[in-house]
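J.: Structure incoming, see below.
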Amino acid sequence: MQVRQTLARWRFRWYYLMARLGHATGRFNVGFMYANGQGVPRDDAEAVRWYRLAAEQGDANAQCNLALMYVNGRGVPQDDAQAVQWYRQAAEQGSTTAQCNLAFMYLNGRGVQQDEAEAARWYRYAADLENASAQSNLGVLYANGRGVPQDWVRAYMWSDLAATQGYDLARDNRDRFATHMTEAQIQQAREMARAWTPGEGYPQVDLPAGEVSGAG
């Protein structure tokens, strides 16, 4: 325990030096260590200050964490609109965590007008980058027809991809979705999941004669 604390203090000093020299990564890490009380007493206001400096330099991790501070009202007054602003900046840089969180904000109308189609769009971006949480959530949207046409095959496919990564909730959802599907649809969804390549859209899988896929 003592060794860990000593190492954390040394890491903080090193990151603080980098931060004072203007390095965004150093500023992000100083913010992270203040936020989590690593190597220094926890100080949410200081965490926000350093996150903001790094975020303004374009650091996606800092933007995402600053957004979370606004969501939780840590070190700043709670402000969902500010959170959305910072999540969006990080999401546009390809942060799958930010993409998922931005999708959640759209889905629930937090800090932005509720827009299920926009939520589905951001979940899809993250899902295409192999984010298991996004794949699972996108599967649920397809199952319920929220922001996308209702489609059991795609609901199963996305859930199966997330389940393959060890996401237990997605596995449970996948098995539940299967109760609404024919054997041919389940087979199609499994083949689509096997053929799926990140960023390549939906693979084309031939259906048995007479079988109709879900909408979408």
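Here this note's numbering is used: the first residue of the sequence shown is 1227, the next is one more, and so on. Backbone N, C-alpha and C fix where the C-beta goes; we use that ideal spot for every residue, glycine too.
#1: Measure from the alpha carbon of Leu-1364 to the alpha carbon of each residue in Gly-1301, Phe-1254, Arg-1400, Glu-1318, then state which is nearest.
#2: Give me the Cα-Cα distance between Met-1227 and Met-1418, rounded to the nearest whole angstrom.
#3: Is it true that the CB of Val-1229 sits closer than 8 Å to the CB of Tyr-1241?
#4: Kindly give me the distance between the Cβ atoms of Arg-1253 and Leu-1279, rounded to whole angstroms, as I take these residues to be in contact under 8 Å.
#5: Taking DSSP as the reference, what is the three-state secondary structure of Trp-1454?
#6: Alpha helix (DSSP H) containing Glu-1342: first to last residue?
#7: Can you give the Cα-Cα distance for Asn-1298 and Gln-1304, rounded to whole angstroms?
#8: What is the rounded straight-line gap between the Cα of Ala-1307 and the Cα of Gln-1339?
#9: With a Cβ-Cβ cutoff of 8 Å, do Asp-1269 and Tyr-1277 count as a contact?
#10: May I ask you to report which of helix, strand or coil DSSP gives Asn-1334?
#11: Straight-line CA distance for Asn-1262 to Glu-1318?
#12: Let me know if Asn-1334 comes out buried or exposed under the rule of 16 or more other beta-carbons within 10 Å of its beta-carbon.
#13: Output the boundary residues of the alpha helix (DSSP H) element that contains Gln-1289.
#14: Reducing DSSP to helix, strand and coil, say where Leu-1433 ends up.
T.: So, from the listed chains and residues:
#1: As a position in the sequence shown, residue 1364 is number 138, starting the count at 1. Among Gly-1301, Phe-1254, Arg-1400, Glu-1318, the Cα nearest to that of Leu-1364 belongs to Arg-1400.
#2: The residue given as residue 1227 occupies position 1 in the sequence shown. The residue given as residue 1418 occupies position 192 in the sequence shown. Computed Cα separation, rounded: 48 Å.
#3: For the purposes of this step, residue 1241 is taken as residue 15 along the sequence shown, with counting starting at 1. For the purposes of this step, residue 1229 is taken as residue 3 along the sequence shown, with counting starting at 1. The answer is no: Cβ separation not under 8 Å.
#4: For the purposes of this step, residue 1253 is taken as residue 27 along the sequence shown, with counting starting at 1. For the purposes of this step, residue 1279 is taken as residue 53 along the sequence shown, with counting starting at 1. 5 Å between Cβ atoms; contact.
#5: Within the shown structure, residues of the chain are numbered from 1227 to 1442, placing residue 1454 beyond reach of any answer.
#6: By 1-based counting over the sequence shown, the position of residue 1342 is 116. Its alpha helix (DSSP H) spans residues 1342-1354.
#7: Sequence index remark: in the sequence shown, residue 1298 carries index 72 (1-based). Sequence index remark: in the sequence shown, residue 1304 carries index 78 (1-based). Approximately 6 Å, taken between the alpha carbons.
#8: Counting from one through the sequence shown, the residue named residue 1307 turns up at place 81. Counting from one through the sequence shown, the residue named residue 1339 turns up at place 113. If you take the alpha carbons of Ala-1307 and Gln-1339, they lie about 10 Å apart.
#9: Position 43 of the sequence shown, counting from 1, holds the residue named residue 1269. Position 51 of the sequence shown, counting from 1, holds the residue named residue 1277. Against a cut-off of 8 Å, the Cβ pair of Tyr-1277 and Asp-1269 comes out as no contact.
#10: What you label residue 1334 is simply residue 108 of the sequence shown in a count that begins at 1. Three-state result, Asn-1334: helix.
#11: In the sequence shown, the residue the question calls residue 1262 occupies position 36. In the sequence shown, the residue the question calls residue 1318 occupies position 92. Using only the alpha carbons, I get a separation of about 26 Å.
#12: Taking the sequence shown and counting its residues from 1, one reaches residue 1334 at position 108. Exposed is the call here.
#13: If you number the sequence shown from 1, residue 1289 lands on position 63. That run of the alpha helix (DSSP H) goes 1286-1298.
#14: Position 207 of the sequence shown, counted from the start, is the residue given in the question as residue 1433. Confidence at Leu-1433 is low in this model, with a pLDDT of 38, below 50, so the placement of that residue should be treated as unreliable; the coordinate-derived value is given next. Coil, per DSSP.
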